[in-house]
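Chemist:
In the numbering used here, the protein residues as written are 5 to 388.
1) Check whether the region 274 to 284 touches the region 295 to 313, taking contact to mean three or more Cβ pairs, one atom from each stretch, closer than 8 Å.
2) Can you tell me whether residue 72 is helix, strand or coil according to DSSP?
3) Exposed or buried, what is residue 368 when buried is set at 16 or more other beta-carbons lying within 10 Å of its beta-carbon?
4) Is DSSP giving residue 103 helix, strand or coil here?
5) Does DSSP put residue 9 in a helix, a strand or coil?
6) Take residue 257 as the anchor and find which of 282, 286, 238, 234 has the nearest alpha-carbon.
7) Taking a contact to mean a Cβ-Cβ separation below 7 Å, would you say residue 122 touches residue 364 in this structure?
8) Applying the criterion that 16 or more other CB atoms from any shown protein chain within 10 Å of the CB defines a buried residue, is residue 125 buried or exposed?
9) With 7 Å as the threshold, decide whether the Cβ of residue 47 is near any Cβ in chain C.
10) Measure the CB-CB distance between residue 325 and residue 133 and report whether it falls below 7 Å.
11) Give the single residue among 107, 128, 162, 201 whose Cα lies nearest to the Cα of residue 155.
12) Counting pairs of Cβ atoms below 8 Å between the region 141 to 153 and the region 95 to 102, do you hit three or more?
13) Beta carbon of residue 347, beta carbon of residue 218: below 7 Å?
14) Using C-beta distances below 8 Å, list every residue in its chain close to residue 281, excluding the 5 sequence neighbours before and after it, in chain order.
15) Can the beta-carbon of residue 108 be found closer than 7 Å to that of residue 328?
16) So for residue 356, helix, strand or coil by DSSP?
17) Can you grab the Cα-Cα spacing for the pair residue 49 / residue 57, in whole Å?
18) Which same chain residues, not among the five before or five after residue 96, have their C-beta less than 8 Å away from its C-beta?
19) Starting from the C-beta of residue 119, find all residues in its chain whose C-beta is less than 7 Å away, skip the five residues before and the five after it, and write them out in chain order.
20) At which residue ranges does the region 180 to 235 contain complete beta strand (DSSP E) runs of 3 or more residues, listed in the order of the chain?
21) Which residues in the same chain have their Cβ closer than 6 Å to the Cβ of residue 248, if we skip the five residues on either side of it in sequence?
22) Going along the chain, which residues of its own chain have a beta-carbon closer than 7 Å to the beta-carbon of residue 382, five neighbours each way excluded?
23) Would you check if the distance between the CB atom of residue 370 and the CB atom of residue 43 is smaller than 7 Å?
24) Under the DSSP definition of a beta bridge, which residues are partnered with residue 109?
25) Bridge partners for residue 118 per DSSP, in chain order?
26) Hey, quick one: how far does the alpha helix (DSSP H) through residue 164 stretch, first residue to last?
27) With a threshold of 8 Å, are at least 3 pairs of Cβ atoms found where one atom belongs to the region 289 to 297 and the other to the region 260 to 267?
28) Drop a sphere of 10 angstroms on the beta-carbon of residue 171, count the other beta-carbons inside from all chains shown, and report buried for 16 or more, exposed for fewer.
29) Can you give the beta carbon distance from residue 207 to residue 235, rounded, assuming they're within the 8 Å contact cut?
30) Going by CA-CA distance only, name the one from 186, 372, 164 that's closest to residue 151.
31) Suppose the cutoff is 8 Å on Cβ atoms and the five residues either side in sequence are ignored; what does the same chain contact list for residue 212 look like?
32) I think residue 137 touches residue 62, with their Cβ atoms under 8 Å apart; what is that distance to the nearest whole Å?
33) Are the beta-carbon atoms of residue 130 and residue 84 separated by less than 7 Å?
34) Report the three-state DSSP secondary structure of residue 49 (helix, strand or coil).
35) Among 350, 90, 331, which residue has its Cα nearest to the Cα of residue 32?
36) Less than 7 Å between the beta carbons of residue 351 and residue 239, yes or no?
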């Protein structure tokens with residue numbers, strides 16, 4: 005008599021792939037994705053294929069997240085040194101024979117045009133987390149110095165391109181790892197105080213520092229102009245100050261409840277520059293107002309807090325440091341973007357996570373969420 009075996013359903017075969025996925029993290033990402041699709045349709049439906057492309061980018065990021073989530077943190081650690089090395093070598097190649105667009109040399113043609121600095125957003129925290137994992141239990145001041153060198157090299161190469169926005173993101177991710185690894189507050193406080201003093205002095209002496217003909221050392225001309233424009237957008241209201249002024253007008257005109265979905269005049273009359281990318285927060289603010297902004301900010305806070313909770317519960321030092329740094333990437337993205345659109349930070353090319361249009365940034369975000377999911381799964385496997 006032939007035995008009959010029931011073939012498992014597709015759902016039962018696929019179920020193990022989803023085991024251990026962090027529900028609260030997935031919910032936070034889902035809220036932001038919904039907000040992104042909503043405002044992208046409003047601000048980009050008449051902007052070529054932006055909305056369709058944005059949806060496609062989200063699907064690609066989701067697929068990358070799913071694949072990365074299946075990789076255990078121990079396996080992720082093996083990619084740290086090769087990925088960091090390749091990233092730095094590509095940055096050196098960009099400095100030597102990279103492609104220049106709009107005065108910036110940021111791209112490299114390797115059969116396809118790539119932007120190597122994007123690799124370092126993930127490679128940097130991976131490398132530093134690997135370094136501190138190897139030094140666990142025997143950390144010395146020299147180890148933090150080596151970590152600083154590992155961080156400064158790619159950040160310096162990215163700033164030379166010049167690309168202030170990406171260099172800030174890579175720097176923030178690296179500093180987060182070093183801080184979570186146990187850097188003493190005695191070493192953190194002095195540079196923070198010097199930075200705050202520098203900001204105060206720049207604001208106080210703004211008329212002299214931003215006078216015509218004044219040249220700042222270290223910074224490029226366009227970076228100096230961004231800071232001066234931030235301090236006084238009315239210096240060039242139809243030129244360099246136009247972005248900040250129009251962004252603040254859009255945010256203020258939204259009021260408490262906003263003008264309504266697809267009813268933003270600043271957006272649809274094209275007063276907001278880059279309304280689907282860097283300045284999409286202004287478009288969102290105009291249509292959904294203060295209430296919408298508070299809900300959006302609450303979603304980002306929920307995402308960051310959940311990421312930090314995953315980091316605290318991670319089973320290894322490598323996992324804790326990596327999860328903490330990846331979470332701070334989301335925070336830095338959101339804080340810098342909202343700050344520059346609101347006129348409290350200089351305008352730099354940093355997108356709003358899951359909201360702004362951009363394929364490369366979306367892939368990076370998918371990788372970051374996948375890493376957090378992988379670490380959350382590892383924690384649950386250890387507990388079981």
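From the three backbone atoms N, C-alpha and C, an ideal C-beta is built for every residue, glycine too.
Modeler: On the basis of the coordinates in this document:
1) no
2) helix
3) buried
4) strand
5) Summary for residue 9: the model assigns pLDDT 48, below 50, so the residue's position carries little reliability; its value from the coordinates is reported in the next sentence. In the structure shown, residue 9 sits in coil (DSSP, three-state: anything other than H, G, I, E or B).
6) 286
7) yes
8) buried
9) Protein chain content of the structure displayed is limited to a single chain, and chain C is not contained in it.
10) yes
11) 128
12) no
13) no
14) 355, 360, 361, 362
15) no
16) coil
17) 11 Å
18) 161
19) 110, 111, 364
20) none
21) 237, 347
22) 76, 77, 319, 323
23) no
24) 104
25) 112
26) That residue, residue 164, is in no alpha helix (DSSP H); it is neither H nor E in DSSP.
27) yes
28) buried
29) 7 Å
30) 186
31) 218
32) Their Cβ separation, rounded to whole angstroms, is 32 Å, which puts residue 137 and residue 62 out of contact at 8 Å.
33) yes
34) coil
35) 331
36) no
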